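Comments concern the structure below.
Residue numbers (our numbering), protein chains in the order written: chain A, 15 to 125; chain B, 15 to 125.
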């Protein structure tokens, strides 16, 4: 298990991307209309449209760990446009934590 | 400039610490009544009492960079109990970003 990213809300993805590029020399890893993935100081920061994705922190897990967590929690696994899969769980104060899996060779980040 | 930590809200620090220990094998770096600093999968995660600290992401900067940013933004530098110093700025959608400085030899993390 490894920390993967933190996702914070934005209602205008291009505007936020530009702000983080200007102020923190962010590099764009992925960007579309509803979210962006940036590298900021060596860490992945996601910008998400809150109506589509909840703000969250994410830890990377294996497919076996994801399947086990899905069974244990009863939360079905979501497949994402970028090829990753995951589930959200919530801490005692409602903060979303994503368990995210990057199936080898099956995400847009492998090319 | 290096990514330093992400801080998420908790209204009961010990309860949240226990949850992250149980579910993500979090290690406690620092803990007091109003906040905790955890290592979760190789990344620092802070748990903060929202009435005392805003949820935020933080990037580590040098004292020179912190002083320059304070002058440029007009935001005065805060000194923290753990020996760090910092300022908060806000992205276009109100997300707080902390510029944090660890003065060498002057924080609780140096001992």
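We treat Cβ as the ideally placed atom computed from N, Cα and C, and that holds for glycine. Note that the structure is predicted; figures quoted are calculated from it, not measured.
For residue 31 of chain A, no beta strand (DSSP E) run applies; the uninterrupted alpha helix (DSSP H) run containing it begins and ends at 27 to 38, by DSSP. Rounded to the nearest whole angstrom, the C-alpha separation of residue 98 of chain A and residue 66 of chain A is 16 Å.
Contact with chain A is found for residue 20 of chain B, since one of that chain's Cβ atoms lies less than 9 Å from the residue's Cβ.
Secondary-structure assignment with DSSP links residue 112 of chain B through a beta bridge to B:72, B:102. When beta bridges are read from the DSSP output, residue 93 of chain B appears opposite B:99. With distances taken between CA atoms, residue 19 of chain B lies nearest to B:72 out of B:72, B:34, B:43, B:93. A residue is called buried when at least 16 other Cβ atoms come within 10 angstroms of its Cβ; residue 116 of chain B meets this threshold and is buried. When C-beta distances to chain B are compared with 8 Å, every residue of the region 79 to 91 of chain A stays at or above that value. If you look at residue 86 of chain A, you'll find it isn't in any beta strand (DSSP E); it sits in the alpha helix (DSSP H) that goes 77 to 87.
Taking 9 Å as the threshold, the shortest C-beta distance from residue 122 of chain A to chain B does not fall below it. In the structure shown, residue 124 of chain A falls within a helical segment according to DSSP collapsed to helix, strand and coil.
Straight through space, the alpha carbons of residue 24 of chain B and residue 79 of chain A are spaced by roughly 26 Å.
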